[in-house]
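Chain order of the listed sequences is A and B.
If you read the first sequence in the UniProt record's numbering, its first letter stands for residue 1, the second for the next number, and so on.
If you read the second sequence in the UniProt record's numbering, its first letter stands for residue 1, the second for the next number, and so on.
Idealized CB from N, CA, C, for every residue including glycine.
The next block holds one structure in the form of C-alpha cells; read it before the comments.
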Amino acid sequence: MVLYAFYIFDRHTECIYSRRWTPRPVSSSGKNARPQSGSSITSNGDTAAVGRRGMSQSDDEKLIFGLVFSLRNMVQKLGGEDDTFLSYRTGEYKLHYYETPTRMKFVMLTDTKQNNLRPYLHQIWANLYVEYVVKNPLAPVEHPGGVAVANEMFEAGLEAFIVAVLPA
Amino acid sequence: MSKLSSNDFLILAGSFHGMHAITKQLCPVPLTPANPSGNAAILAPTPFGSRPTGIEVLESSHFRMQCFQTLTGTKFLLFTEPQQPNIDSMMKKIYELYADYVMKNPFYTVEMPIRCEKFDRGLDGFVKVRS
Numbered sequence: 001m002v003l004y005a006f007y008i009f010d011r012h013t014e015c016i017y018s019r020r021w022t023p024r025p026v027s028s029s030g031k032n033a034r035p036q037s038g039s040s041i042t043s044n045g046d047t048a049a050v051g052r053r054g055m056s057q058s059d060d061e062k063l064i065f066g067l068v069f070s071l072r073n074m075v076q077k078l079g080g081e082d083d084t085f086l087s088y089r090t091g092e093y094k095l096h097y098y099e100t101p102t103r104m105k106f107v108m109l110t111d112t113k114q115n116n117l118r119p120y121l122h123q124i125w126a127n128l129y130v131e132y133v134v135k136n137p138l139a140p141v142e143h144p145g146g147v148a149v150a151n152e153m154f155e156a157g158l159e160a161f162i163v164a165v166l167p168a
Numbered sequence: 001m002s003k004l005s006s007n008d009f010l011i012l013a014g015s016f017h018g019m020h021a022i023t024k025q026l027c028p029v030p031l032t033p034a035n036p037s038g039n040a041a042i043l044a045p046t047p048f049g050s051r052p053t054g055i056e057v058l059e060s061s062h063f064r065m066q067c068f069q070t071l072t073g074t075k076f077l078l079f080t081e082p083q084q085p086n087i088d089s090m091m092k093k094i095y096e097l098y099a100d101y102v103m104k105n106p107f108y109t110v111e112m113p114i115r116c117e118k119f120d121r122g123l124d125g126f127v128k129v130r131s
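Dropping the structure here:
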C-alpha cells in the first residue's frame with residue numbers, strides 16, 4: 001500500500017502537523033508530453049496545471065481543511081446529526097478522515113485500494129498524539145503554527161506505527 | 001436519510017460541485033498517461049489529456065454516495081447503503097434510462113430540472129426490482 005500524506009488539524013482550522021511521503025507534483029511530465037495543439041479545448045487542463053504549480057504546501061493544507069469541513073457538514077445534513085464522514089475515493093487517491101470529540105481532525109491520503117483507515121487514525125490519536133503531545137509537560141495547550149507537535153518521540157512513534165501496522 | 005427542501009438540495013449541489021473540483025486539484029500523484037501502451041503515437045492525439053477524476057465514492061457511517069460523471073460533465077449521485085454491491089452496473093443502467101427517457105424526450109430542455117414521467121417510472125421500477 002502507498003501512503004501519500006498525513007495531516008492533523010486543530011479546532012481552530014489550523015494545520016498543526018503535516019507530512020508528505022511523495023514529492024509534490026510540481027509539473028507532471030504528462031502535461032508537457034502532451035501534443036501542443038494550442039486548441040481551445042486543451043486550455044482548460046493547462047490552466048489547471050499552471051494553478052497547481054503556483055500552489056504551496058500551506059495552500060494544500062487549507063484546501064484539504066476546507067474540503068473535509070464541507071464534506072463533514074454535507075454528510076451531517078444528509079445523514080442526520082449522528083452521521084460521520086469516513087472517507088472518499090477518487091480515481092487516483094483515497095482520503096481517510098477521523099475526528100476526535102474535541103474537533104481535532106486527522107486526515108490521511110493513501111492509494112485507492114486501501115480499506116477504511118479510521119481505526120488506525122484513532123490509534124494514532126490515542127497512542128501517539130495523546131501520549132507524546134498532550135502529555136508532554138512542555139507543550140502548550142493549543143499549538144499555534146504546529147508548535148511542539150512534531151517532537152522527536154511523536155515523529156519516531158508515527159514512523160514505527162506506520163511501518164508496523166500498515167506494511168508496504 | 002433526512003428529508004431536504006429543494007433549496008437545501010441546491011445548496012448541497014453547489015457545494016458538491018466545488019468540492020468535486022477541489023478533490024481533482026489535490027491529486028497527490030503525478031498522472032500516468034491515458035495510453036500506456038506503445039502504440040499511443042499511432043493513434044490520433046486526443047485533445048483530452050489524462051486528468052484526475054474528482055470524488056467517485058464517498059463513505060459515511062450511514063450511507064455511501066457514488067458519483068458518476070458523464071463525458072459532458074453531468075453528475076449522477078447515487079445514495080445507497082454502505083454495503084450495497086455492484087453500484088457501477090446500477091449507475092450504468094440509470095445512465096441508460098436517462099439517455100432513453102430524458103435526453104430523447106423532445107419536450108425536455110437541456111439543463112433544466114427533469115420532469116419526465118417515464119424516467120421517474122423507469123427509475124422506480126428499476127430500484128424496486130433491485131431491493
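- Leu10(B) and Gln66(B) have their alpha carbons spaced roughly 18 Å apart.
- The beta-carbon separation of Arg11(A) and Thr112(A), rounded to 30 Å, does not stay under the 8 Å limit for a contact.
- Near chain A, meaning a CB-to-CB distance below 7 Å, the residues of the segment 51–70 of chain B are Arg51, Pro52, Thr53, Gly54, Ile55, Glu56, Val57, Leu58, Glu59, Ser60, Ser61, His62, Phe63.
- Neighbours of Cys116(B) in chain A, taken as residues whose beta carbon is under 7 Å from its own, are absent, since the nearest beta carbon is some 25 Å off.
- Check the Cα spacing between Gln69(B) and each of Tyr95(B), Pro85(B), Phe126(B), Asn105(B): the tightest is with Tyr95(B).
- At a cut-off of 4 residues, the continuous stretches assigned as alpha helix (DSSP H) that sit fully inside the segment 104–154 of chain A are 118–123.
- Taking a contact to require three or more Cβ pairs closer than 8 Å, the segment 13–26 of chain B and the segment 57–76 of chain A qualify as touching.
- A Cβ-Cβ contact shorter than 8 Å links Phe63(B) with Gly79(A).
- A direct Cα-Cα distance of roughly 10 Å separates Arg115(B) from Phe107(B).
- Pairwise C-beta distances place the segment 84–95 of chain A out of contact with the segment 126–146 of chain A, as fewer than three of them are shorter than 8 Å.
- Shown here for Gly122(B): same chain residues with a beta carbon closer than 7 Å to its own, the five before and five after excluded, namely Leu97, Tyr101 in chain order.
- Listed along chain A are Leu67, Ser70, Leu71, each with a C-beta nearer than 7 Å to that of Met19(B).
- Distances from the alpha-carbon of Pro137(A) to those of Leu158(A), Thr22(A), Leu95(A), Asn151(A) put Asn151(A) closest.
- Chain A places a beta carbon closer than 8 Å to that of Asp8(B), counting this residue as a contact.
- Membership of Glu61(A) in the alpha helix (DSSP H) is indicated by the continuous run 57–79.
- From the listed residues Glu14(A), Thr13(A), Val2(A), Gln114(A), the smallest Cα separation to Trp21(A) is found for Val2(A).
- Per DSSP, the continuous beta strand (DSSP E) segment holding Phe85(A) begins and ends at 85–90.
- Annotated three-state conformation of Tyr93(A) is coil, per DSSP.
- At least one CB atom of chain A sits nearer than 8 Å to the CB of Pro28(B).
- Counting only the Cα atoms, Cys15(A) lies some 7 Å from Gly145(A).
- The alpha-carbon of Glu99(A) is positioned some 20 Å away from that of Gly157(A).
- Judged by DSSP secondary structure, Ile8(A) falls within the beta strand (DSSP E) whose first and last residues are 3–9.
- By the rule that beta-carbons nearer than 8 Å mark a contact, Ser18(A) does not touch chain B.
- When DSSP states are grouped into helix, strand and coil, Gln84(B) belongs to the coil group.
- In this model, Leu58(B) and Val68(A) are separated by some 11 Å (Cα to Cα).
- A direct Cα-Cα distance of roughly 37 Å separates Met153(A) from Pro52(B).
- Between Tyr93(A) and Leu71(A), the C-beta spacing is not below 8 Å.
- By the neighbour-count definition (other C-beta atoms within 10 Å, threshold 16), Val107(A) is a buried residue.
- Considering only beta carbons, the part of the segment 92–110 of chain A lying closer than 7 Å to chain B consists of Glu92, Tyr93, Leu109, in chain order.
- Of Thr74(B), Pro30(B), Leu26(B), Pro82(B), the smallest CA-CA separation from Ala99(B) is found for Thr74(B).
- At a cut-off of 8 Å between beta carbons, Thr23(B) contacts chain A.
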